[in-house]
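Accompanying notes for the structure given below.
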Amino acid sequence: MTRIIQLVLSPLIALVVGVLLLGLSRKIIARIHRRYGPPIYQPVIDVIRMMSQRSISHGSLFDLGVVFALAGSLVTVMFIPLGGTQACQPFAHGVLCPLSSSGGLLVVMYLMLLGPLGLALGAGDSANPNASIGVSRKLLLALAYEVPFLLVILAVMSHYETISLTEIVARQQQAGWGALSVPLSAVAAFLILPAMLGVRPFDLVSAPQEIASGPMAEYGGRSLALIKLYGATHLFLVIALFVDLFLGGGVNLATFLLKMLIVFMAVEMINAVLPRVKIEDAIKFCWKWPAGLALLQMAITVLSKSG
Amino acid sequence: MSAQGILITAFAGAGLSYALGLTSARLREVFAIVVSVLLVCLIAITHGQGAEHVYYPDFLGLDLVLRMDALAWFFAITVSMVGCLSVIFSLHYVRGKEKENFYYFALLLVNAAMLGIVLSGDLLSFFIFWEIMSWAAFLLISYKRGRALDAGLKYVIMSILGSCAMLLALLYLYANYNTLVISDLAQQIRSAAGGFPLWVMLAFALGFGIKCALIPLHTWLPDAHSEAPSPFSAVLSGILIKMGIYGFILVMYGVVGLKLLLEVGAPWLHFHTVLCWLGAITILIPTFIALLQDDAKRLLAWSSIGQIGYIMLAIGVATSLGLAGALFHTLNHAVFKALLFLAVGAVEYKTGGVRDLNRLGGLIRRMPVTFACALIGGLGLIGVPLTSGFVSKWLIYKTLITEGHPFLALAALVGTWGAILYVYKLLHNMFLGQLPEKYANLEAAPFSMQLPLMICGFIIVLFGILPGIPLSVIGGIVGTLGFEPVTATLTGFGPQIGPLNTLNLCAAFAGVLLVIVAFRGIAARPKPVSQDDSYAAGAAAPAGKYHHTVRFYDPLERMTGGYLRDWVDQFYLSAAGKAKGVFNGVRRIYTGDVRTYVMYIVALLTFLIFAHTAGWL
Amino acid sequence: MISSLQENLEATFKGVKVTAPEDGRMSVSVPSDSIPVVLRYLKGNGLDHMALLSCVDWIEDGKFELVYFLTCYMPNNTDYAADQKLHVLVRTQVPRDNPGIESVIGVFENIEPYEREIHELYGVHFKGHPRLTHLLLERDYEVPPFRKDFDTRQYVEETFGSIPPVDE
Amino acid sequence: MDRNQITKWLKSPGKMAHKYSLHAVYFCTGCGIIEIPPVITARWDAERFGVIPVATPRQGNLFMITGYVSVKTLKAIIRTYEQMPDPKYTVAFGSCPINGGMYWDSYNTIKHLDKYIPVDGWIAGCMPRPEAVFVGVTHLWTLIDKEMANGYIRYKKKYAAYRSNQEMALGELDWPPLYPIEDETEEESK
C-alpha cells in the first residue's frame, strides 16, 4: 500500500519542489541584480496562464514529444531515493524511492536521456530552423557534458561496486559522504551541473537573443506549460542525483531538500553572473577540465580497487 | 523437420524462384514470399530439438554433419525472419527494374547460405556455406553496376583474404585432430594437454573479423552498404555481419571452450582482452564518423560498425551476462538495422532514389507510418527504456561494471550518446522540419513496404517490455556454451543479477503519461497550422529555404572532422596502389610473343644443367 | 591646394562657375551633361570620396538641382592639415518636367543607392544605372513624395482617410 | 493575498493568471524601444509585475508596440500579432500609433493603428517613462478584470473588416487569413 502512496508522492514532490526552485532562481537572480523580482510562486502563475491560452500545433509529434519528455522525467524521479534510510522509517518503508527494486543507476542514466530526446523530437517537428539549431546545440552540449558525467558515475559505481542507487546512498550514510571518498568526481560533477541544467554559462540551448529560445521557438499555450513543468522536474532530478551521489542523500526528506537547496543556491549564484559561452568553447571546456578530473578520480578508484 | 529438410527447401527455393521468374514475375514474387515464410515456420517448429546427423558420409574423407542446437536455432530464426522481411519489402522495391530474376535468386541464395552456416555441424560445411554466402553477397552488392562494382570488388577481395585465413586454420585443426566435426573436435581440444595455439585463433579472428567489420577490417562495409539495394543492405547489415559474430562465438566458446580460452595469448595480454579493447574502439570511432555523414545509408553503415563493437565487447568480456548481452544485442541490432535500412529504402523508393539527407525533410506529414517505425527503430538503437535495445545494453553495462572494466563501460556509454546524435540527425533530416515543395503530395509507402517495418517495430517494443521471452532462450544457450545459465524473469532480472523490471517501468510510464494527457486536456486544443506559419521574426518564412540540415553538427564537425577521416581505408588504398606498381613489374615479364617464352625455357634448361653438373642438386 | 584647384577648374572647363570656399566648402556649378567629366577630373585630383548625392526642388523656376558632395579620404588622421579638409559640392540643374541625367556609377561605384533613392523620391531618371529599382518605398506614387508639389495632407486624406474605423 | 484576492483566484484563475503573468513581446518599432531596457532592468524592475520579455510571439500574451508604425512595419506587426496564442492584449506606446502623432501627414506612416489590429491600451507620452508603463500595466489589470480588454475577441468577430483594412493599406497580403472570411453574400444574410 505504501508503495502506491510513494508512487504518487515522489513525482508530486518533484513537481512542487522543482517549480518552487524555478521561482526561487528568478528571485535569487533578481536580488543579485539589486531588484525585487517576482514572487516565489510566479512559475505557478505562468503555468496557469499558459494553460488558459490556445496556441497552435504543427502535428501530433509536436504535441506528443513534450508529453513524452515530461513523462520521462517524472518516471525517472521514481527511481531516485529522496531521503530516508533503511533504518529509520519516516514512511514506514524506509527510503522514499518507489521503484528502487526495478532499476538501479543504469536505468536512471538511460531514463534521463528520455526527456531531452522527447523534447528534441517535438521541437524537430516544429518546422522552424531556430528549433532545429537549438536541438542540435542541445545534443552537442549533452555529448559534451555526458563524457565527464559518465566518468563520474562509473567512478562512483566502481567505488561502491554496485549499480543500485539505494545501496550507494546507504553506504554513504555509514561510511561518509561520496564527496569525501571520490572528491574529484564531486568537483567534476559540480562543474558540469550548469551544463546539465542548461543555465547561464551553458545557456546556449534556449538562447532567447540568438535563436529565439531554441527548441521552444514554436511552443505556446499548454505545450509550453508542459515544457516549463519538464524544466522544473529536470532541475529537481539533476540536483537530487547530485545530492544522492555525493552528499549522502538525506536522513529524511527534510534534510534531503535542505541539501538540494544549498547545491541549488550555489548553481544559481554562478548562473546569475556569468555570460553565455559558445558551443565550441562549451565542448572544449567540458572535455578538458571536468573530464580530466573525473578521469583522474576514476584511475585512482580503479587502482585502489584492484591494488 | 530436421535441419537437412530446412536447407533443402532454402536452396531449392532459390533455384525454383529463378526458374519461375523466367515464366511470370507475379508467380516468382508469390513463390519467394511463400518460401521465406515457410522457412520461418519450419525453423520455429524445430525449437528445442537438439539433433545432429550426417547428411553426406565421406566428402573427401570427412563426413559433413548438420547440427540443430539452441545457439543454431537462435541464429536461424533471426536469419530467416530478417530474410523473409527483406523479401516482402523488395516486392515493390525491385518491381520494374531490370534483372529482377537475378535479384530474387541471389537474395534467396544468401539467406539459404546463411542458414547453412548456422546449421552446419562441422567446420568444412561451415566453410562451404561461408563461401556461397560471400559470393552471393558480392553478386547483390554490385547489382547496380557503376560505383557498386568497385564497392563489390573491395568486399570480395577482403572476403577472399578472410576465407584464406580461415582455410589455413581449418587445415591446422584437421592436421592435428584429423576431424572437423565440432562436437568431438571440442572434446579433443579440451582434453589435449597443450593450450590452443594463438595463431590459429588469430586466423579465425581475421576471417570472422572481416565479415563482422571490426575496426581495422571494416573498410569494405560503408561502401558495400551504401551501394547495395536497400532490402539487401538490410540483410547485409542485419544478419550477414552477424555470421562473423556467430563464427566468433562458435570458435571461442563452442570449439575452444571457456577454460582454455582464458589462457590463449601471451600471459600478460590475453586474446579476449584484446578483443574487448578492439570492440571498445570499434564503438567509438565509427559512431563519431557516422555523425558527420550526409548519405542516409552510409550513416547507417557506420552505425552498424559501431553497434558491432558492442557485441564484440560483450563477447570479449567472457562472462555469462556478457555473452547473454551479446546474443540479445545481436538479435536486437538485426531488427533495428533491418527496420532502419528498410525505412530509408521506403523513402528512397518514394522520392525516386534520394538518399542525401540535405535534400529531404518534413516527410512525417506524408509518410507517418514509416516515420513511426523508424522512430521506434532509432529509439531501440539508442537503447531507450521500453525498447529491447535497453535490456541488452543494460546486460552489457552490468557485466562491464561488476567485472571491473570502467573504461570499457565508458566507451560503450559514450557510444550510446553518439548513437543518439546520429539517430536524431537521421530522423530529423529525413522526416522532421519543412517539407520541400516537390514532395508536397508524395503518398505513403505501399503496404508491402510498411508491413516489415511494422513487424520489426512490434518486435522491438514487445521484447522491450517483456524481455523474458528472448532471454529464456538466450539463458539456455549461455548454459550450453559452458557458463552458468542466466535466469531471467518474464519482465527483467531478479535481485541477485541486478534490479531490473521493465514491466513496472512500462506501467509507471503509461500511468504518468495518462495523468499528463488528462492534465493537458484541461487546456484548449491547439489549432493545427501549416508549416509556412512558423515564427520568422515577423517576415514570411522563405519557402524551401527554411530547413536546417546542412552540416547539422557543425561545431563538432569543425573540432573533430579532421581526425575522423578513415585512415585505415586510406592506408589500404595506398598499399593497394604500391602493390599495383610491383605487380605491373611482374606483368612486364609476359610480353605476349612466343619467342620470349622460348628464350625463358632455354635459359631455365641451361641453368638446371649447369646446377646439376656443379653438384648443387 | 584649394586655390590651385580653383584655377585649374576654370582653366580646363568653360562654363564652370567656382565660388570661393569660405570654410573649406567650394561649390562648382556645372552644366548637367558634363557631370561625369568633371567628377572624373576631381577624382583624379585627390577628391576620391563621393560622400552624398542630394536633390533640391526649385519648383518656382521648374528645376531640380542635383548636388554631389565630394571630399577626400584623409591620408591619415594624424597629419591631416587644415586646408586638406575640403568639401567640393558639384551642382547641376535638371529640368523638372522629365528629369534625366547620366549616371556617374562608372566614376563612383558607391553612388548606386543614392541614385536609386533620388529616383524613387524625386523621379529623376539616371540613364545607365544598372538597377534603378525602389530602395526604401514599397510601391509607386504618381507624384514622387519628396517633390514640393506632392500634397501630403491630400495624399494622407486620400489613402488613410478612407479606411473605415472598426467599431467596438 | 487578502480574502477577495483568493476568491478572485478561485472564481476565475485564468483571468487572474493573465493579469500577473504578462509575458511581453516587445515589437521594436519607432523610438520607443530605447524605453524598454530601463523598464525591465534593475531600476524599474518590471518582473515584480510578472512582466518579462519573451523571444517569440508564440510564448507571449502582451504585445507592446513602442512608437510610430511605418507601412512596411505594419506587415510584420500583423503577422506577429496573428502568431500569438489566443487571449492576447495589445498596448501601444506614445501618440504616433493613436493618430499618427507628429508624422500625421507623412506619406509612409500608419495613422490609426487601431484600424488594422485591435489595441487594448494606450500609454501616453512621447515616449512614456517606465513609471507610465507600469501605470499602463496596472490599468490593463483593471481592464482585464472588467472584461474590457477583449481586443482578441473583437479581432475574431470583425476579422473581415480588419482584413479588408489591412489589404487597403498594404495591397495584396501574402499570408492566408487567420480566420475563415465568409464572402459578402453570407455577410448580409447573417
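Protein chains in written order, with the working numbering: chain G, 473 to 779; chain Z, 65 to 681; chain L, 141 to 308; chain V, 2 to 191. From the three backbone atoms N, C-alpha and C, an ideal C-beta is built for every residue, glycine too. Please read all numbers here as calculations on a predicted model, not as lab measurements.
Closest Cα partner of V478/Z within the set T463/Z, A344/Z, A74/Z: A344/Z
_I'd like to know whether the C-beta atoms of V52/V and V120/V end up nearer to each other than 8 Å._
At a Cβ-Cβ threshold of 8 Å, V52/V and V120/V do not count as neighbours.
- Task: Indicate whether the contact test is met: 3 or more Cβ pairs, each with one atom in the segment 378-390 of chain Z and one in the segment 261-274 of chain Z, closer than 8 Å.
- Result: no
8 Å Cβ cutoff met for I605/G and H282/Z: no
Euclidean distance between Cα positions of F75/Z and R92/Z | 15 Å
Check your understanding: What residues in the segment 265-285 of chain L bring their beta carbon closer than 9 Å to a beta carbon of chain V?
Key -> L276, L277, E278, R279, Y281, P285
Point to revise | Y503/Z classed as buried or exposed, judged by whether at least 16 other C-beta atoms fall within 10 angstroms | key: buried
T670/Z to L225/Z span [Cα, whole Å]:
38 Å
**OP:** Whole angstroms is fine: what's the gap from I70/Z's alpha carbon to W137/Z's?
**Re:** 12 Å
| query | Closer than 8 Å, CB to CB, is T81/V near chain Z or not? | reply | yes
request  = Rounded to whole angstroms, what's the CA-CA distance from A486/G to D618/Z? Just pull it up for me.
outcome  = 36 Å
**Asked** Is M513/Z buried or exposed, if buried means 16 or more other CB atoms sit within 10 Å of its CB?
**Response** buried
Item checked: DSSP state of T110/V mapped onto helix, strand, coil -> strand
Query raised in the report: Looking at C-alpha atoms only, which residue of G425/Z, P470/Z, W481/Z, M518/Z is the closest neighbour of Y582/G?
Result: W481/Z
(Q) 8 Å is my cut-off, CB to CB: does Y488/Z come that close to chain G? (A) The Cβ of Y488/Z sits closer than 8 Å to at least one Cβ of chain G.
With distances taken between CB atoms, is the gap from F682/Z to A177/Z smaller than 8 Å? Nothing in the structure corresponds to residue 682/Z, since chain Z is present only between 65 and 681.
Self-check item: Contacting residues, own chain, Cβ-Cβ under 7 Å from F563/G (five flanking each side not counted)
Solution: Confidence at F563/G is low in this model, with a pLDDT of 47, below 50, so its placement is unreliable and the value that follows should be read with caution. For F563/G, where only same-chain residues beyond five positions count, the Cβ hits under 7 Å are T474, Q478, G556.
Report the rounded CA-to-CA distance for S482/G versus N175/Z, giving the unit in angstroms. 51 Å
Next item on the list: Decide if L124/Z is buried, meaning its Cβ has at least 16 other Cβ atoms within 10 Å, or exposed.
Entry: exposed
Considering only C-alpha positions, which residue in the set F50/V, G31/V, S13/V is nearest to E132/V?
F50/V
Report task. Enumerate, from N- to C-terminal direction, the unbroken beta strand (DSSP E) stretches of 3 or more residues contained entirely within the segment 627-709 of chain G. Result -> none
From the DSSP secondary-structure annotation, give me the bridge partner or partners of D197/L. F204/L
> Which same chain residues, not among the five before or five after I504/G, have their C-beta less than 8 Å away from its C-beta?
Replying inline: M741, A744, V745, listed in sequence order.
Quiz item: To the nearest whole angstrom, what separates the beta carbons of V264/L and F204/L, a pair I think is in contact under 8 Å?
Solution: 6 Å
* Asked: Looking at the C-beta of F454/Z, does it have a partner C-beta in chain G at a distance below 8 Å?
  -> yes
Of all the options P14/V, K112/V, Q84/V, W142/V, which has the alpha carbon lying nearest to the alpha carbon of A605/Z? Q84/V
What do you get for H469/Z, buried or exposed, if any count of 16 or more other CB atoms within 10 angstroms of its CB means buried? buried
Notebook entry, point to check: Within this structure, are the beta carbons of F454/Z and I379/Z separated by less than 8 Å?
Noted result: no
Next item on the list: Using a cut-off of 7 Å between C-beta atoms, extract the partners of P86/V located in chain G.
Entry: Q525, R526, S527, G692, G693
By Cβ distance below 7 Å, which residues in the same chain neighbour R643/G in space, the five residues on each side in sequence not counted? Y632
Going by DSSP in three states, N100/V sits in which element: helix, strand or coil?
In this structure, N100/V counts as helix in the three-state DSSP scheme.
**Message:** Going by DSSP in three states, N505/Z sits in which element: helix, strand or coil?
**Reply:** coil
Checklist entry - Within the present structure, is the beta-carbon of F405/Z separated from the nearest heavy atom of the ligand NAD by less than 7 Å? => result You won't find the ligand NAD in this model; it holds no ligand whatsoever.
From S38/Z to L128/Z, what does the alpha carbon distance come to, in whole angstroms?
An answer regarding residue 38/Z cannot be provided, because it is not within the stretch 65 to 681 covered by chain Z.
By DSSP's criteria, W123/V is part of a beta bridge. Which residues make up the other side? A93/V
Tell me which same chain residues have a C-beta within less than 8 Å of the C-beta of Y262/L, skipping the five on either side of it?
C195, D197, F204, P239, P284, F286, R287
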